[in-house]
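Q:
Residue numbers (full-length UniProt numbering): 1 to 207.
1. From what residue to what residue does the alpha helix (DSSP H) around residue 196 run?
2. What separation, rounded to the nearest whole angstrom, lies between the Cα atoms of residue 158 and residue 120?
3. Considering only their Cβ atoms, is the gap separating residue 134 from residue 170 smaller than 8 Å?
4. At the level of alpha carbons, what is the spacing between residue 98 and residue 92?
5. If you run the structure through DSSP and keep just helix, strand and coil, what is residue 72?
6. Buried or exposed for residue 210, please, with buried defined as at least 16 other CB atoms from any protein chain shown within 10 angstroms of its CB.
7. Reducing DSSP to helix, strand and coil, say where residue 38 ends up.
8. So, helix, strand or coil for residue 79, using DSSP?
9. Given a cut-off of 8 Å, decide if residue 47 and residue 39 are closer than it, judged by their beta-carbon atoms.
10. Verify whether the separation of the beta carbon atoms of residue 164 and residue 143 is less than 8 Å.
11. Residue 180 lies in the alpha helix (DSSP H); which residues open and close that run?
12. Span of the alpha helix (DSSP H) holding residue 148?
13. Straight-line CA distance for residue 179 to residue 116?
14. How is the alpha helix (DSSP H) around residue 47 delimited, first residue to last?
15. Which residue wins for smallest C-alpha separation from residue 209, given the options 56, 34, 192, 184?
16. For residue 105, tell me which candidate among 150, 77, 52 has the shortest Cα-Cα distance.
Structure, rendered in C-alpha cells:
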C-alpha cells in the first residue's frame with residue numbers, strides 16, 4: 001500500500017510520504033526544525049509539511065505554534081492534580097509537593113534528549129517568554145491550590161502563592177543546570193533543590 005499525505009488546503013488524502021501518526025511524532029519533527037532553523041523561522045506550514053499532515057490536522061493538536069513546545073502540558077497538569085489528591089493527608093506539605101513535582105517531571109529515557117530540546121526552547125527562546133509566563137502561572141496555580149487546601153487558606157492567599165512561586169523557581173534552576181551539564185540527571189537535581197527548600201535556606205545551608 002502506498003503512503004498518503006493530507007492536502008494542505010482541502011484536507012484530502014493523497015499519495016506521497018507517510019504522514020505522522022501521533023502527537024509525539026509531530027513534536028519531535030517540530031523540535032528538530034526549531035533546533036535547525038530557529039523557532040522564529042519555522043512556521044506551522046513548515047511543520048505540517050514535514051509531518052505530512054494538513055494545517056487543520058495540526059490545529060486539532062495545538063492552538064498555536066507556541067503550544068508545540070509545551071506538548072501535553074495541560075494533560076500533565078491534570079495528572080499533577082490527581083497526584084496531589086492521592087497523597088496521604090498527613091504528609092508534610094513540602095514533601096508532598098516534592099513527590100508531585102518529581103512525578104510531573106519524570107521522563108522516560110528515550111524521550112530525554114527531546115525533553116532537553118523542549119526545555120532549551122522554552123527557557124531560551126525570547127519569542128516564547130510571554131506564552132511561557134501564562135503556562136508558569138497555571139503550574140503555580142496547581143501547587144497553590146494544594147497548599148491552600150492543606151493549610152485551610154484561600155488559594156490566592158500569600159503563603160500558597162509564595163510556595164507556588166518558590167517551587168517554580170527551584171524547578172527552573174534545576175532545569176537550567178540540567179541543560180548546562182549533560183552529565184547530570186534531572187530527577188537528582190530536582191531532588192536536591194527540593195531537599196534544600198524543605199530544610200530552609202538559613203545560615204546552615206548558605207554559609
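By construction, the Cβ of each residue, glycine as well, lies at the ideal position given by its N, Cα and C atoms.
A: Based on what the coordinates show:
1. The sequence position of residue 196 within the chain shown is 196, counting from 1. Unbroken alpha helix (DSSP H) run through residue 196: 186 to 199.
2. Taking the chain shown and counting its residues from 1, the one referred to as residue 158 is at position 158. Taking the chain shown and counting its residues from 1, the one referred to as residue 120 is at position 120. Inter-residue distance for residue 158 and residue 120 is about 31 Å (C-alpha atoms, whole angstroms).
3. Within the chain shown, numbered from 1, the residue matching residue 170 stands at position 170. Within the chain shown, numbered from 1, the residue matching residue 134 stands at position 134. Cβ atoms of residue 170 and residue 134: not closer than 8 Å.
4. Against the chain shown, residue 98 aligns to sequence position 98. Against the chain shown, residue 92 aligns to sequence position 92. C-alpha separation (whole angstroms): 10 Å.
5. Taking the chain shown and counting its residues from 1, one reaches residue 72 at position 72. If DSSP states are grouped into helix, strand and coil, residue 72 belongs with coil.
6. No answer is possible for residue 210: it lies beyond the span of the chain, which begins at 1 and ends at 207.
7. Here residue 38 corresponds to residue number 38 of the chain shown, with the count starting at 1. Here residue 38 sits in coil by DSSP.
8. As a working mapping, residue 79 is identified with position 79 in the chain shown. Residue 79 falls in the helix class under three-state DSSP.
9. Residue 39 sits at position 39 when you count from the first residue of the chain shown. Residue 47 sits at position 47 when you count from the first residue of the chain shown. Inclusion of residue 39 and residue 47 in the CB contact set at 8 Å is not warranted, their separation being larger than that value.
10. By 1-based counting over the chain shown, the position of residue 164 is 164. By 1-based counting over the chain shown, the position of residue 143 is 143. Going by C-beta atoms, residue 164 is nearer than 8 Å to residue 143.
11. The count along the chain shown starts at 1 and reaches residue 180 at position 180. Segment 158 to 180, the alpha helix (DSSP H) holding residue 180.
12. Walking along the chain shown from the start, residue 148 turns up at place 148. In this chain, the alpha helix (DSSP H) harbouring residue 148 covers 129 to 151.
13. Here residue 179 refers to the residue found at position 179 when the chain shown is read from its first residue. Here residue 116 refers to the residue found at position 116 when the chain shown is read from its first residue. Roughly 7 Å separates the two Cα atoms.
14. Mapped onto the chain shown, residue 47 falls at position 47. Unbroken alpha helix (DSSP H) run through residue 47: 44 to 51.
15. In the structure as shown, the chain starts at 1 and stops at 207, and residue 209 therefore has no counterpart that could be examined.
16. As a working note, residue 105 is residue 105 in the chain shown. The residue with the shortest Cα to Cα distance from residue 105 is 77.
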